[in-house]
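So the sequences go chain by chain: S and R. Okay, so the first sequence: first residue is 1 according to this note's numbering, each after it adds one. Okay, so the second sequence: first residue is 1 according to this note's numbering, each after it adds one. Structure first, commentary second.
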Amino acid sequence: MTARAAGRASYAGVAVAVPVTVPYRRYSTHGAHWWIGRAMDLLVERSGVAKDEIDGLTVSSFSLVPDTAVGVTQHLGLSPRWLDHIPTGGASGVMALRRAARAVQAGDADVVACIAADANHVESFRQMLGGFSHFARDASYPYGSGGPNSIFAFITAAYMRAFGAEREDFGRICVAQRANALRNPNALFKVPLTIEQYLDARPISDPIHLFDCVMPCAGAEAFLVMREDRAKDLGIAHVLVRGAIERHNAYADDPVLLRGGWRLDRDDLYAQAGLGPDAIDFVQTYDDYPVVVMLQLEDLGFCEKGEGPAFVRTRTLTHDGDFPNNTSGGQLSAGQAGCAGGFLGMTEAIRQLTDDAGERAVKDAKVGIVSGFGMVTYDRCLCTGAVILGRSS
Amino acid sequence: MTMPLMKPRRKNPVLRTRQMNLPPFARGRTALGMTAAAAEGRFALQVCQRCKAVQYPPRDACHVCLSPALKWTPQDGAGELLSETVLHHSNDPFYRERLPWRLGLVRLEVGPTVIVHLHGDVPSPRSNDEPVRVHVGARLDRAGAAVLIGFPAEESEHMADDKMLREMTSDPKFRKILVTDGKTEVGQAIVQALVKAGAEIVWVGHAEPWKKLPGFDDITKLPQVTLVPLDLTNGRSVTELAGEIGGKVDIVINNAEVHRAFGIAARRGTDAAKAEMDINYFGLLRLAQEFGPALKARSADGTTHAAAWVNLLSVYALSNYPPHGTFSASKAAAHSLAQCLRAEMRPSGIRVINVFPGPIDDEWNQNLPPPKVAPASLASAIVKALKEGIEDVYPGDVAQEWVERWRENPKVLERELSAG
Numbered sequence: 001m002t003a004r005a006a007g008r009a010s011y012a013g014v015a016v017a018v019p020v021t022v023p024y025r026r027y028s029t030h031g032a033h034w035w036i037g038r039a040m041d042l043l044v045e046r047s048g049v050a051k052d053e054i055d056g057l058t059v060s061s062f063s064l065v066p067d068t069a070v071g072v073t074q075h076l077g078l079s080p081r082w083l084d085h086i087p088t089g090g091a092s093g094v095m096a097l098r099r100a101a102r103a104v105q106a107g108d109a110d111v112v113a114c115i116a117a118d119a120n121h122v123e124s125f126r127q128m129l130g131g132f133s134h135f136a137r138d139a140s141y142p143y144g145s146g147g148p149n150s151i152f153a154f155i156t157a158a159y160m161r162a163f164g165a166e167r168e169d170f171g172r173i174c175v176a177q178r179a180n181a182l183r184n185p186n187a188l189f190k191v192p193l194t195i196e197q198y199l200d201a202r203p204i205s206d207p208i209h210l211f212d213c214v215m216p217c218a219g220a221e222a223f224l225v226m227r228e229d230r231a232k233d234l235g236i237a238h239v240l241v242r243g244a245i246e247r248h249n250a251y252a253d254d255p256v257l258l259r260g261g262w263r264l265d266r267d268d269l270y271a272q273a274g275l276g277p278d279a280i281d282f283v284q285t286y287d288d289y290p291v292v293v294m295l296q297l298e299d300l301g302f303c304e305k306g307e308g309p310a311f312v313r314t315r316t317l318t319h320d321g322d323f324p325n326n327t328s329g330g331q332l333s334a335g336q337a338g339c340a341g342g343f344l345g346m347t348e349a350i351r352q353l354t355d356d357a358g359e360r361a362v363k364d365a366k367v368g369i370v371s372g373f374g375m376v377t378y379d380r381c382l383c384t385g386a387v388i389l390g391r392s393s
Numbered sequence: 001m002t003m004p005l006m007k008p009r010r011k012n013p014v015l016r017t018r019q020m021n022l023p024p025f026a027r028g029r030t031a032l033g034m035t036a037a038a039a040e041g042r043f044a045l046q047v048c049q050r051c052k053a054v055q056y057p058p059r060d061a062c063h064v065c066l067s068p069a070l071k072w073t074p075q076d077g078a079g080e081l082l083s084e085t086v087l088h089h090s091n092d093p094f095y096r097e098r099l100p101w102r103l104g105l106v107r108l109e110v111g112p113t114v115i116v117h118l119h120g121d122v123p124s125p126r127s128n129d130e131p132v133r134v135h136v137g138a139r140l141d142r143a144g145a146a147v148l149i150g151f152p153a154e155e156s157e158h159m160a161d162d163k164m165l166r167e168m169t170s171d172p173k174f175r176k177i178l179v180t181d182g183k184t185e186v187g188q189a190i191v192q193a194l195v196k197a198g199a200e201i202v203w204v205g206h207a208e209p210w211k212k213l214p215g216f217d218d219i220t221k222l223p224q225v226t227l228v229p230l231d232l233t234n235g236r237s238v239t240e241l242a243g244e245i246g247g248k249v250d251i252v253i254n255n256a257e258v259h260r261a262f263g264i265a266a267r268r269g270t271d272a273a274k275a276e277m278d279i280n281y282f283g284l285l286r287l288a289q290e291f292g293p294a295l296k297a298r299s300a301d302g303t304t305h306a307a308a309w310v311n312l313l314s315v316y317a318l319s320n321y322p323p324h325g326t327f328s329a330s331k332a333a334a335h336s337l338a339q340c341l342r343a344e345m346r347p348s349g350i351r352v353i354n355v356f357p358g359p360i361d362d363e364w365n366q367n368l369p370p371p372k373v374a375p376a377s378l379a380s381a382i383v384k385a386l387k388e389g390i391e392d393v394y395p396g397d398v399a400q401e402w403v404e405r406w407r408e409n410p411k412v413l414e415r416e417l418s419a420g
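Shown next, in the form of structure tokens:
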């Protein structure tokens with residue numbers, strides 16, 4: 001793997017900038033185009049780049065159906081020379097960045113807007129579950145219609161049995177993220193969470209309880225990708241891409257998902273960045289369920305497989321701790337705005353590395369990792385990806 | 001272990017009768033292959049004809065070698081329970097009304113990992129050193145779509161009474177059942193089998209009370225049995241009976257039939273053919289118009305809710321058997337109507353079971369050589385279908401062979417039958 005990575009082009013010279021969050025709402029009558037429009041408006045306003053100069057666009061959204069990214073161009077009056085539609089949920093942020101980075105490196109586009117947005121009406125979530133994928137329609141949704149809750153209940157129970165994890169271990173992740181969320185004005189959850197409250201919460205799908213689940217909401221996240229020299233010319237605060245990986249349908253023969261595709265590609269990731277897990281100052285893991293955070297800690301090399309529970313027992317996961325994780329509060333405490341949940345870690349990492357994270361700033365942060373995980377089409381999540389971002393010198 | 005189902009208490013007449021919410025029934029066309037097999041009581045998965053890989057969820061290309069030749073093939077269902085969960089929350093009305101609900105993740109020995117409804121007698125996995133063996137089977141759910149079920153490796157006494165499993169079946173236990181004709185040997189055998197299976201009340205129709213037929217006294221002595229006047233040729237008779245018991249019937253078994261052994265040329269006129277149609281086709285239509293709505297209205301009415309409708313058809317409904325040509329035609333008409341009935345009952349979760357026997361060992365098949373289906377075997381096949389949630393039943397060797405030949409090539413079968 002490492003040998004082949006040497007032949008793969010680096011992401012040098014790619015800048016990521018202008019993290020935009022359109023404040024979330026639990027329910028909103030607005031449709032996906034409205035949220036995408038708000039995000040684009042904010043990107044233009046905060047970057048100072050004129051709308052017509054944004055010549056690349058990626059769109060990630062479930063609720064945009066039946067439109068795709070191309071419908072957005074006409075809706076918003078854009079005429080990009082480069083376009084991609086990336087509705088891969090929790091992996092969409094990493095995937096959008098990788099594609100946009102290559103586009104600006106190759107010169108196919110100069111400034112790419114990467115936007116993720118989803119609407120949330122009172123009926124949206126239930127309707128989305130039933131129509132999420134062909135496999136879900138045929139083989140998981142008819143079984144209780146629990147959506148990903150029951151799938152991750154299987155995975156969590158299997159993980160607990162295999163590695164001796166306790167509910168408290170997952171609780172540590174959730175409680176620390178809530179503490180971070182209290183310093184994020186955009187987080188939907190505004191009150192502290194104690195480990196007792198976590199443990200006493202009502203069961204949803206054993207062993208998943210209420211605070212193991214994200215709250216679906218409406219919202220948008222976005223950022224710009226351009227060449228580093230362009231960002232400098234524009235005087236925009238930006239971060240640099242140090243390395244990036246993705247993988248789909250990894251370990252398909254594992255009977256139950258206890259390891260993710262990051263494991264296959266992490267050597268590439270760290271080799272590209274020229275550093276190891278020890279040099280990482282914070283992580284923005286994908287946190288649809290806390291067991292997934294634990295898988296990422298292991299599969300991205302912060303600890304060995306099965307050591308996740310011990311790791312979270314000995315480390316402090318808050319923004320001011322010795323292992324800051326999901327400093328925005330993550331989806332568990334900020335809310336899951338559909339595909340925008342896959343962008344949340346990216347915008348947060350850009351803020352941390354451009355001194356824009358306010359009172360939840362990670363002190364002296366120079367390098368962070370953003371990890372993505374998306375698309376439960378049947379019994380597991382298929383897409384994994386990760387990006388290492390570094391402060392620009 | 002599953003606790004035996006207790007006789008439900010009388011329902012509170014003040015409360016509204018609960019209405020049916022079906023479980024999610026959308027499936028892709030490919031996935032319906034699993035439903036087609038489950039409708040006959042089989043658990044089948046697609047097997048690649050090139051590399052033998054077993055597929056699940058249903059696919060259009062082999063996930064190993066990309067071959068499009070995927071054939072639905074019966075499976076033994078042996079597997080290991082990898083994980084379980086109990087749902088305490090659902091976004092779907094059917095499940096919301098039935099929580100908590102147990103689900104399992106099973107690794108089949110043939111390869112795929114499958115999500116199943118998990119039977120209550122399957123133990124929870126404790127450690128990785130003691131794998132929990134399960135047996136996976138397919139059943140039709142209340143929406144008539146196939147779902148997979150994880151059964152315990154060993155059968156237990158009351159496992160049919162499992163709350164989840166009862167949602168997939170129409171077990172006669174504690175149910176009130178109408179058998180439309182008690183005069184025939186088949187009718188009497190059905191009544192006996194239902195009583196043995198724990199039916200609470202069996203109403204037995206008799207069209208001509210003055211006729212004393214052998215065996216009739218034996219069933220009338222049974223405490224569960226009540227005779228009711230019912231003449232399927234007479235719309236008024238059907239309406240009157242429906243008015244009397246329609247709101248209580250949980251299962252209708254329409255076994256009334258007229259069977260005369262003629263083709264076209266062997267008998268002049270249309271009287272015998274009309275008599276066959278009048279019972280076999282119009283009788284079903286009259287019965288369905290009167291009793292169908294009543295069953296639909298009670299399909300979620302407590303643990304012994306209205307559940308099923310059984311039609312005694314004939315394997316001759318699939319392809320005409322010329323020596324019994326007009327009878328075959330009437331059964332083909334009834335089969336077509338039964339498909340309509342099934343479609344109309346589906347939104348309420350009432351299962352329509354069609355039974356296609358070969359020649360029954362009765363007086364109207366006297367001239368046919370064996371094998372013929374004994375009335376008692378036919379009756380037990382019907383009870384089995386109710387208990388296991390089967391939708392299409394081909395009882396007996398003749399029916400099994402016919403349906404196989406018919407599936408292989410209907411034209412070849414027609415040709416063989418016309419050769420006599």
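Even for Gly, the Cβ is constructed at its ideal location relative to N, Cα and C.
Whole-angstrom C-beta distance between residue j and residue i, which should lie under 8 Å
i              : j              : result
I149 (chain R) : R142 (chain R) : Actually they do not touch by this definition, with Cβ atoms about 13 Å apart.
R18 (chain R)  : A300 (chain R) : 5 Å
P323 (chain R) : G269 (chain R) : Wrong, their Cβ atoms sit about 18 Å apart, outside the cutoff.
T58 (chain S)  : V16 (chain S)  : Not quite, the Cβ-Cβ distance comes to about 13 Å (not below 8 Å), so this is no contact.
Whether residue i touches residue j by CB criterion (9 Å)
i              : j              : result
V256 (chain S) : R167 (chain S) : no
V310 (chain R) : V252 (chain R) : yes
V47 (chain R)  : L70 (chain R)  : yes
A12 (chain S)  : L240 (chain S) : yes
P371 (chain R) : I382 (chain R) : no
T354 (chain S) : P19 (chain S)  : yes
W82 (chain S)  : D108 (chain S) : yes
H33 (chain S)  : H85 (chain S)  : no
R98 (chain R)  : E155 (chain R) : no
Cross-strand partners of residue i (DSSP beta bridge)
i              : result
T354 (chain S) : Bridge partners of T354 (chain S): none, in fact.
M159 (chain R) : Beta-bridge pairing links M159 (chain R) to no other residue.
R391 (chain S) : S:V239
L297 (chain S) : DSSP, once it has assigned bridges, lists no residue as partnering L297 (chain S).
M226 (chain S) : S:A15 and S:V111
H135 (chain R) : R:A78 and R:F151
G85 (chain S)  : Before going further, note that residue 85 (chain S) is His rather than Gly in the sequence given. DSSP, once it has assigned bridges, lists S:V59 as partnering H85 (chain S).
H248 (chain S) : S:C383
T73 (chain R)  : R:L45
Under the three-state DSSP convention, the category residue i falls into
i              : result
V398 (chain R) : helix
D200 (chain S) : helix
H33 (chain S)  : helix
R4 (chain S)   : Here the model assigns R4 (chain S) a pLDDT of 48, short of 50, so the residue's position is not dependable, and the following value carries that caveat. Helix.
F373 (chain S) : strand
C217 (chain S) : coil
Q224 (chain R) : coil
R38 (chain S)  : helix
Buried or exposed (CB count within 10 angstroms, at least 16 for buried), residue i
i              : result
R313 (chain S) : exposed
T2 (chain S)   : Annotation note: pLDDT 44 at T2 (chain S) (below 50); position unreliable, coordinate value reported separately. Exposed: under 16 other Cβ atoms inside 10 Å.
L66 (chain R)  : exposed
L108 (chain R) : buried
W402 (chain S) : Nothing about residue 402 (chain S) can be reported from this structure: the residues present for chain S run from 1 to 393 only.
I201 (chain R) : buried
R4 (chain S)   : Low local confidence applies: a pLDDT of 48 at R4 (chain S) is under 50, so the model's placement there is unreliable, and no value is given.
A179 (chain S) : buried
M345 (chain R) : buried
Contact with chain A by residue i, beta-carbon distance below 9 Å
i              : result
N325 (chain S) : Here the protein chains are S and R, and chain A is not one of them.
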